[in-house]
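Protein chains in written order, with our numbering: chain U, 117 to 659; chain B, 84 to 344.
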């Protein structure tokens, strides 16, 4: 009887254990599932929040890059070729490549599958050599190869992804090599734009009335427009002159028509042809001549007025502070230099990337160009929201219509903030035939800049606001190039040679030393305490 | 909550009264100092050197050893000496005991990680400019990683009352957790041919399993957010939820001692 009872109890016990085990397993499974579910939910795009804590937002792609990736319509392959090399720059190169890889991961993630990043296996010399042969980059060191179909761009680590300064010996001792600028994002975007460039777009510029010839522009002389023209060609534009003498109408394959500083009046039918082209959904870039006399002779003021914009004959000027004496100067050429701070730029696609990247724009010898009438449909917008508030439009005087660059309230008008560039965007006139050249949406797009001199070789200095404007009127905002970023290199101070010594001593000796000392005190107190405790019972026994 | 606070105070003070703790601190600081100096003198780059000290290879080595040693001391050693039974019969819940001990170990590792902040402070003092928001973000990330690994270590420690075995188990658990994606990838190589008939079916299974293992990849979660100075809500949720799960399981495991007898 008891044996039967014992067996039953054992069976109940076993069942109970199995039941408890199952309960535990179920609890663990449920809890794990809940964790996976919460994680899945937290990673959903609508819920997930990302905060870049770095001072220069180095883990966030610029707006222009994101825009480019969003509108990318071809597959791009980025291959990373990197082998750790020896030498004084090896650590810096590794840093740059690490940062580039982080940027590539962001690019890959934001491209919606359009950009693929592959790291070429550098551990296997044969595989490396084979791939280099396939890519036709034998002898190439470290960097990126960007491919789209047959098109390929190679970016060198040293030069394209970052600029280095070699180590050198100076009076205060050896100065190690350093990274001067990290330009990987800019180079990558330019590379992607290069390889994904579609068919060549034709940009015509008016000629025959004193306009500069962009097709043969001089790249050397300060007054030439060669760098500007080269920038447009890099963007995939073909620059062609349009002479009304040869063709009465704007050529049918014209994507963008540029009116650059005519200094004489056009024939009437040329003016009408330009208006007809624009009103049928054409794209115009208008920049007046710097000289007031040329501007007065030309049709540019009337053309701008047609689109609700107004250009002043006088140019914008402002006093200049002498850095040595602190005195305000006027009457000198520098008064015609207007620096526009990033926060003064509007959110228009032409200038937004400059604003985002914290880049100043500089205009020289600019006329005031502003919106005076909004179109019935569409919008006209000043590209610069504010400037310094002490600028004036310097009235041209005398037979040569030249300003004196001195402020005289009687003739120059009030001082204040003065707009220099504007855009107009509106539907074409009803019943007009679409501009044949552009395959984009039919829309009138006009950009006016108050200063042609800003786009000369002397003044351009790598600025890309006019190419950005041409890209915008051609409906290619996504191709607006990214200006270089602050490299955000945080180096140890060089002016104090003892700084490095103090930091290394602290990290290697002082901090561990302090911990060792406290540890000894703790050990000593514990040892003394345990001896005292050990001694207490003995005293008790002896007493 | 109050119970967890009391346990935390007892354990945290106990940790700093033990010479063992100071030895660990000294060793870690010496090695971290060496590494930091190596990075700094090679490039002069403040951000790179701080990154190396805070999140370099050594950080992951410490994350395998230190939680295991702390968990061994907090759970298995108390279990062997019998003091754990007193604690478990005290008027505090098992979860409060587990939370208090976990918080103490975590606070110790946070203090240890803060040594890198002192390097940043020293750089600031001599005229350098550390990127403080990014450095603090990375430090928060190291604390979250430590939270997860201490929780894993504590769970492993509850399975035995032999301290050395507990430490070994904790290390194995932490290493396994770090190697989850790699191990899964290896295992998949063997079993994938049997999982689906067509290549497409196998690819979809592979993608699903990779999705799950990627979700559990602590190293990946840390590297793509905190390490580069990014605070990502989904990564924070990852560390907090898995930590909570392991703490919950630790509490259940301790509770099981009662009915195991």
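All residues carry an ideal CB built from backbone N, CA and C; glycine is no exception.
Small disclaimer: the values here were computed from a predicted structure and weren't measured.
#1: Who are the near neighbours of residue 635(U) in its chain, counting only those whose CB is closer than 6 Å to its CB and skipping five residues on each side?
#2: Buried or exposed, going by whether 16 or more other CB atoms sit within 10 Å of the CB of residue 184(B)?
#3: For residue 331(B), which residues in chain U fall below 7 Å Cβ to Cβ?
#4: I'd like to know if residue 209(B) contacts chain U, where contact means its C-beta is closer than 8 Å to some C-beta of that chain.
#5: Within 10 angstroms of its Cβ, does residue 194(B) collect 16 or more other Cβ (buried), or is it exposed?
#6: Could you pull out every residue in the same chain whose Cβ sits closer than 7 Å to the Cβ of residue 244(B), ignoring the five residues on either side in sequence?
#7: Which residue comes first and which comes last in the beta strand (DSSP E) that contains residue 323(U)?
#8: If we cut at 8 Å on Cβ distances, does residue 155(U) have a partner in chain B?
#9: What ranges does the beta strand (DSSP E) occupy inside the stretch 481-567 of chain U, keeping only unbroken runs of at least 3 residues that lie completely in it?
#10: Is residue 406(U) helix, strand or coil by DSSP?
#11: Helix, strand or coil for residue 455(U) per DSSP?
#12: Exposed or buried, what is residue 262(U) when buried is set at 16 or more other beta-carbons lying within 10 Å of its beta-carbon?
#13: Closer than 6 Å by C-beta to residue 170(B): which residues in its own chain qualify, once you throw out the five before and the five after it? Chain order, please.
#14: Grab me the residues of residue 206(B)'s own chain with a C-beta within less than 6 Å of its C-beta, minus the 5 sequence neighbours each way, in chain order.
#15: Where are the alpha helix (DSSP H) runs, 4 residues long or more, that stay fully inside the stretch 231-294 of chain U, in chain order?
#16: Between 302(U), 265(U), 251(U), which has its C-alpha nearest residue 275(U)'s C-alpha?
#17: Compute the Euclidean distance between the alpha carbons of residue 366(U) and residue 503(U), then round it to the nearest angstrom.
#18: Tell me which residues share the same chain as residue 142(B) and place their Cβ nearer than 7 Å to its Cβ, disregarding the 5 neighbours each side in the sequence.
#19: Can a CB atom of chain B be found closer than 8 Å to the CB of residue 171(U)?
#20: Run through DSSP, which three-state label would residue 354(U) get?
#21: When you compare each of 304(U), 642(U), 619(U), 632(U) to residue 120(B) by their alpha carbons, which one comes out closest?
#22: Of all Cβ atoms in chain U, is any one closer than 8 Å to the Cβ of residue 320(B)?
#23: Starting from the beta carbon of residue 325(B), find every residue of chain U whose beta carbon is closer than 9 Å, and list them in chain order.
#24: Alpha carbon to alpha carbon, how far is residue 99(B) from residue 155(B)?
#25: Assign residue 361(U) to one of three DSSP states: helix, strand, or coil.
#26: Mind listing the chain U neighbours of residue 212(B)? Cutoff is C-beta to C-beta under 7 Å, in chain order.
#27: Sort 608(U), 574(U), 640(U) by Cα distance to residue 339(U) and report the nearest one.
#28: Jot down the residue ranges of each uninterrupted beta strand (DSSP E) in the stretch 152-184 of chain U, minimum 3 residues, whole runs only, in chain order.
#29: With which residues is residue 128(B) paired in a DSSP beta bridge?
#30: Using a C-beta to C-beta distance shorter than 8 Å, which residues of chain B count as neighbours of residue 476(U)?
#31: Below 8 Å, how does it come out for the stretch 326-334 of chain B and the stretch 233-243 of chain B: are there three or more Cβ pairs, yes or no?
#32: Would you decide whether residue 462(U) is buried or exposed? Buried here means 16 or more other CB atoms lie within 10 Å of its CB.
#33: Quick check: the Cα distance between residue 490(U) and residue 496(U), rounded to an integer number of angstroms?
#34: Just mark residue 524(U) as buried or exposed, buried being the case when its beta carbon has 16 or more other beta carbons within 10 Å.
#35: What whole-angstrom Cβ distance do residue 145(B) and residue 631(U) have, given they're in contact under 8 Å?
In short:
#1: none
#2: buried
#3: 147
#4: yes
#5: exposed
#6: 159, 162, 163
#7: Neither: residue 323(U) is in no beta strand (DSSP E) and is coded neither H nor E.
#8: yes
#9: 483-487, 495-498, 508-510, 537-542, 560-565
#10: coil
#11: strand
#12: buried
#13: 180
#14: 129, 213
#15: 241-250
#16: 302(U)
#17: 36 Å
#18: 225
#19: yes
#20: strand
#21: 619(U)
#22: yes
#23: 151, 155
#24: 16 Å
#25: coil
#26: 606
#27: 574(U)
#28: 166-168
#29: 607(U)
#30: Per Cβ cutoff of 8 Å: no residues; residue 476(U) is ~23 Å from chain B at best.
#31: yes
#32: buried
#33: 6 Å
#34: exposed
#35: Rounded, the Cβ-Cβ distance is 15 Å, inconsistent with contact.
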